[in-house]
Each structure stands twice: as structure tokens, then as C-alpha cells.
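Quick note: the sequence shown uses this note's numbering, first residue 2, plus one each step.
What follows is a short report on a single structure.
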Amino acid sequence: MCAASSAIAADQLGVVGSVQTGALMVGVQYQQDNGVRVGLGYGRLLPVFEDSAAAADVSYLMPLPPQLQGYVQPYYGFGLGMALALPARGVRVGLYPNVLAGVNFANATAFTPFVEASAGPGIAFGSVSGLQLSFGLRAGINYRLP
């Protein structure tokens with residue numbers, strides 16, 4: 002899930018929605034000023050939404066120089082996501098080591114919208130095991146803590 006930049010000088014809480022290879026998730030995240038982000042999510046497995054999944058992730062984010070007069074803050078990083086799927090055909094555990102890139106949209110308020118893309122190997126264990134190239138898209142809004 003398994004997004005935000007360390008360029009904003011304060012810890013942040015956020016809500017996110019994401020589409021990963023095989024799942025649609027919603028969640029929360031906490032990001033420290035040093036660029037470390039942790040997140041928790043819950044979602045439904047695609048394509049039929051009959052099965053559920055819980056996910057957690059940790060990422061390290063590094064800012065790039067601000068763009069468009071400081072209103073756009075690009076970043077990149079890497080992360081590790083883990084998901085527990087409870088489909089009708091048996092329990093699965095998945096790992097998602099990934100690289101990521103995203104953009105924060107700065108404004109004069111404490112709220113910062115963002116979008117992010119990630120890619121990496123998806124590794125599944127359990128009733129269905131395997132390895133595949135996986136992708137993710139994530140969007141949400143962070144609140145800068147006082």
C-alpha cells in the first residue's frame with residue numbers, strides 16, 4: 002500500500018486510497034519529518050470484490066527540488082508492503098518491495114494532497130504462491146500536525 006514528502010517540516014497524518022495489482026484499498030498513514038512513512042489499509046480483492054485484505058507498509062521518502070514556484074514537491078523512495086488476503090480459496094500473504102515516485106501539492110493550509118506510483122515484485126505465499134511484477138497507484142491527503 003501499500004505517500005508524502007519529507008520536504009514539509011512537520012509530522013503528518015493522512016488518508017489514502019490505492020489501487021494495487023489485484024486489490025482496491027483505503028487506509029491511513031503517518032509520516033515523520035525524516036521521511037519515514039507507515040501505513041495501514043483495508044480493501045477488497047479484484048476483480049469481483051468478494052474477498053477482503055488487510056495491508057501494512059513502511060516507506061522511506063526523499064524530496065526532489067520544488068517545482069512551479071514551490072507548489073509542486075516531487076519525491077521518490079522505496080518501501081515494503083505486506084498484505085493478508087482472506088479469499089474463499091484460502092489465506093494468502095503477500096510482500097511488495099517497491100520503488101516509488103510521487104508529487105505533493107503544497108498550499109497555504111495544513112492539508113497537502115498527493116499522488117504516487119510504485120512498482121516492484123509481488124511475492125505471494127500460502128494457498129496461492131508466486132511471483133509477478135506489481136504496480137500501485139496511491140492518492141490522498143495529509144494533515145500537517147502542529
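For glycine and all other residues, C-beta sits at the position ideal for the given N, C-alpha and C.
Closest to residue i by CA distance: which of the options is it?
| i | options | result |
| --- | --- | --- |
| L18 | F79, V39 and Y43 | Sequence check: residue 18 is Gly here, not Leu. If we check each option's Cα against that of G18, Y43 comes out closest. |
| Q74 | G103, D52 and V39 | G103 |
| G40 | F136, V27, V129 and V49 | V27 |
| L46 | R38, L25 and L132 | L25 |
| L49 | G23, P67 and N99 | Residue identity check: residue 49 is Val in the sequence provided, not Leu. Considering only alpha carbons, the answer is G23. |
| N105 | N99, V29 and L69 | L69 |
With a 10 Å radius around its C-beta and 16 neighbouring C-beta atoms as the bar for buried, classify residue i as buried or exposed.
| i | result |
| --- | --- |
| N143 | buried |
| N108 | exposed |
| Q33 | exposed |
| M2 | In this prediction, M2 scores a pLDDT of 45, lower than 50, which makes its location untrustworthy; no coordinate-derived value is stated. |
| A11 | exposed |
| S6 | Here S6 scores only 38 on pLDDT, less than 50, and its place in the model should not be relied on; the value that follows carries that caveat. It counts as buried. |
| A8 | Bear in mind that a pLDDT of 44 at A8, under 50, signals an unreliable position, so the number given afterwards is only what the model happens to contain. Buried is the call here. |
| A4 | Bear in mind that the predicted position of A4 carries a pLDDT of just 39, short of 50, making it unreliable; the figure below should be weighed with that in mind. The residue is buried, with at least 16 neighbouring Cβ atoms inside 10 Å. |
Just confirm the distance between the C-beta atoms of residue i and residue j, as a whole number of angstroms; I'd bet it's less than 8 Å.
| i | j | result |
| --- | --- | --- |
| G127 | Y97 | Rounded, the Cβ-Cβ distance is 15 Å, inconsistent with contact. |
| A118 | L101 | 7 Å |
| G80 | V59 | 6 Å |
| G137 | Q21 | 4 Å |
| G82 | L62 | G82 to L62, Cβ: 14 Å. No contact. |
| G123 | G95 | 6 Å |
| Q13 | L132 | 33 Å between Cβ atoms; not a contact. |
According to DSSP, what are the bridge partners of residue i?
| i | result |
| --- | --- |
| G137 | Q21 and S119 |
| P75 | V104 |
| S60 | R38 and G80 |
| V92 | According to DSSP, which records beta bridges pairwise, V92 is partnered with nothing at all. |
Would you say the region 106 to 114 touches the region 80 to 91, given that touching needs at least three Cβ pairs under 8 Å?
Output reads no: the region 80 to 91 does not touch the region 106 to 114.
So, does the region 77 to 89 touch the region 51 to 60, judging by three or more C-beta pairs under 8 Å?
These segments touch.
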